[in-house]
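A.B. asks:
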Amino acid sequence: MGFDTALARVANNIKGSLGEEFKRMLHDIQLGSSRKDAFRNLNSRTDVPELSSFIVAMTQAEVFGISISKVLKVQASEMRIRRRQLAEEAGIKAPVKLVFPLILCIFPSLMTVILGPAVIRIYYTIIEMIKP
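Mapped onto this note's numbering, the consecutive letters of the sequence shown carry residue numbers 24 to 155.
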């Protein structure tokens, strides 16, 4: 299967704006635009860093004659690494985001459970001390 055929299959299977952009790029190629120009136009229409990286890699592969399968494997690996880094960053930020709900919701309940019996005991002790 050729690259354009594979790209057409991907464009037809992907829903949403990315699929539409791939279809538009394939339409540009069918109208006589070079693949490099179609990629450049796709890059200018979108503002997605991962897609820009993919476009640069595919353009370089075409210019230098590098195997597309190797380029796609490297791109997939880089995107997995990037996704893992984003997940780690989100994991680092999670405890900070949990502080306020913890303080506002759980801490008052915990204090009521811990201090409640002591406050009641102190109340009854003070009442008995006040009684003559």
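Note that CB positions come from ideal geometry on N, CA and C, so glycine has one too.
Please state whether the Cβ-Cβ distance between V94 and A80 is less than 7 Å.
C.D. replies: Result yes, Cβ atoms of V94 and A80 sit closer than 7 Å.
A.B. asks: Around the C-beta of M152, are 16 or more other C-beta atoms found within 10 angstroms, so that it is buried, or is it exposed?
C.D. replies: exposed
A.B. asks: Considering only their Cβ atoms, is the gap separating M48 from L74 smaller than 7 Å?
C.D. replies: no
A.B. asks: Whose C-beta lies closer than 7 Å to the C-beta of A84 among residues of the same chain, with five residues either side of it excluded?
C.D. replies: I91, V94
A.B. asks: According to the Cβ coordinates, are F77 and Q98 closer than 7 Å?
C.D. replies: Yes, the pair counts as a contact, with Cβ atoms nearer than the cut-off.
A.B. asks: Enumerated in chain order, which unbroken segments of the alpha helix (DSSP H) with a length of 4 residues or greater are wholly contained in the segment 53–123?
C.D. replies: The segment 53–123 contains, as complete alpha helix (DSSP H) runs of 4+ residues, the segments 58–68, 72–87 (chain order).
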